[in-house]
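In my numbering, the protein residues as written are 9 to 230. All C-beta atoms in this analysis are idealised placements derived from N, C-alpha and C, irrespective of residue type, glycine included. Structure record follows, encoded as structure tokens.
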Amino acid sequence: MNVREALLARKSVRAFLERPVAREIIERILDAARHAPSGANTQPWQVAVVAGHAKARIEARMLAEFRAGRRGRPDYPYYPAEWRSPYRERRFDCGMQLYEALGIARDDKATRLAQWERNYRAFGAPVAMFFFLDRRLAQGSLLDYGMFLQSVMLMAVEEGLATCPQAALAEYPDIVREELGLADEMMLVCGMALGYEDAGHPVNGYRTPREPVSAFTRFIDE
Ligand SMILES: Cc1cc2nc3c(=O)[nH]c(=O)nc-3n(C[C@H](O)[C@H](O)[C@H](O)COP(=O)(O)O)c2cc1C
């Protein structure tokens with residue numbers, strides 16, 4: 009598999025097989041991903057690979073908070089407070105694609121909510137990864153982090169695994185830190201579901217569109 013093939017094969021997967029993921033495979037993935045570039049070679053990534061009872065405990069607590077109506081307080085705003093065009097439409101379309109794939113009607117709020125809640129279970133993946141960043145670093149480290157995260161996801165593809173990067177898993181950072189015994193200065197960047205794709209599940213049966221190169225690039229040579 010070459011880089012292009014891996015880039016095109018990666019997609020967000022939201023239904024997984026129960027099959028566990030061997031620790032050696034996760035170590036191989038991280039062992040390659042650690043070669044991602046970072047400003048001044050700071051290597052700001054700190055990863056918690058969570059499975060089994062630890063995963064179940066975190067998920068149960070997040071879900072309980074959500075169901076109690078307590079909205080999360082992420083460590084940083086991942087999304088804008090106000091959505092403007094064209095991002096608003098893209099976000100809307102993204103949601104519609106998901107609900108259409110699952111046959112959920114627009115006004116079926118209960119089923120939509122149930123689907124959203126699956127976020128807090130890492131969509132049933134056997135592994136949830138949590139990615140932390142030392143708060144004493146600066147915004148630039150988030151660039152480094154993005155490169156690291158994509159490297160993790162591409163390596164997962166090479167290993168026959170699937171992922172879903174998840175901002176939802178970072179909505180209740182205090183719970184995650186408490187369960188993992190981490191200090192407050194470890195900012196939770198995002199989570200990621202990791203496992204083997206349930207290829208027959210309709211939620212995994214669509215691909216999201218992209219703008220063509222001409223829509224976001226200008227070549228200037230005079
Ligand atoms: C940092 C990050 C956070 C994301 N958070 C979520 C999430 O919480 N829940 C979810 O279902 N998808 C999440 N996604 C997946 C995006 O919806 C997905 O990447 C986008 O729709 C493009 O689709 P693709 O990944 O299949 O190419 C996230 C993606 C990124 C990069």
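Heavy atom of ligand 1 within 6 Å of residue i beta-carbon
| i | result |
| --- | --- |
| T119 | no |
| Q174 | yes |
| N127 | yes |
| I171 | Inspection of the sequence shows that residue 171 is occupied by Thr rather than by Ile. Every heavy atom of ligand 1 is 6 Å or more from the Cβ of T171, so no. |
| K19 | yes |
| T216 | yes |
For residue i, the residue or residues it bridges with in DSSP
| i | result |
| --- | --- |
| C235 | Because the chain is modelled from 9 through 230, residue 235 falls outside the range shown and cannot be assessed. |
| V184 | BP columns for V184 are empty, so no partner. |
| T216 | None, per the DSSP bridge assignment. |
| E205 | F24 |
| A170 | G203 |
Coarse secondary structure for residue i, derived from DSSP in three states
| i | result |
| --- | --- |
| Q158 | helix |
| P94 | coil |
| A64 | helix |
| A56 | strand |
| T119 | helix |
| Y107 | helix |
Touching by the beta-carbon criterion (3+ pairs, under 8 Å), the region 60 to 75 and the region 115 to 130 = Short answer: they touch.
Segment contact flag, the region 201 to 221 with the region 75 to 88, C-beta cutoff 8 Å, min 3 pairs = In the pairwise beta carbon analysis, the region 201 to 221 is classified as not touching the region 75 to 88: fewer than three pairs are separated by under 8 Å.
Any contact of the region 133 to 143 with the region 169 to 186, i.e. 3+ C-beta pairs under 8 Å?
-> Contact between the region 133 to 143 and the region 169 to 186 is present, because at least three Cβ pairs lie under 8 Å.
Any contact of the region 12 to 21 with the region 151 to 170, i.e. 3+ C-beta pairs under 8 Å?
-> Three or more beta-carbon pairs separated by less than 8 Å link the region 12 to 21 to the region 151 to 170, which places the two stretches in contact.
For the region 135 to 145 against the region 45 to 58, are there 3 or more C-beta pairs whose distance is under 8 Å?
-> yes
Would you check if the region 143 to 155 and the region 92 to 102 touch, i.e. whether three or more CB-CB distances between them fall below 8 Å?
-> no
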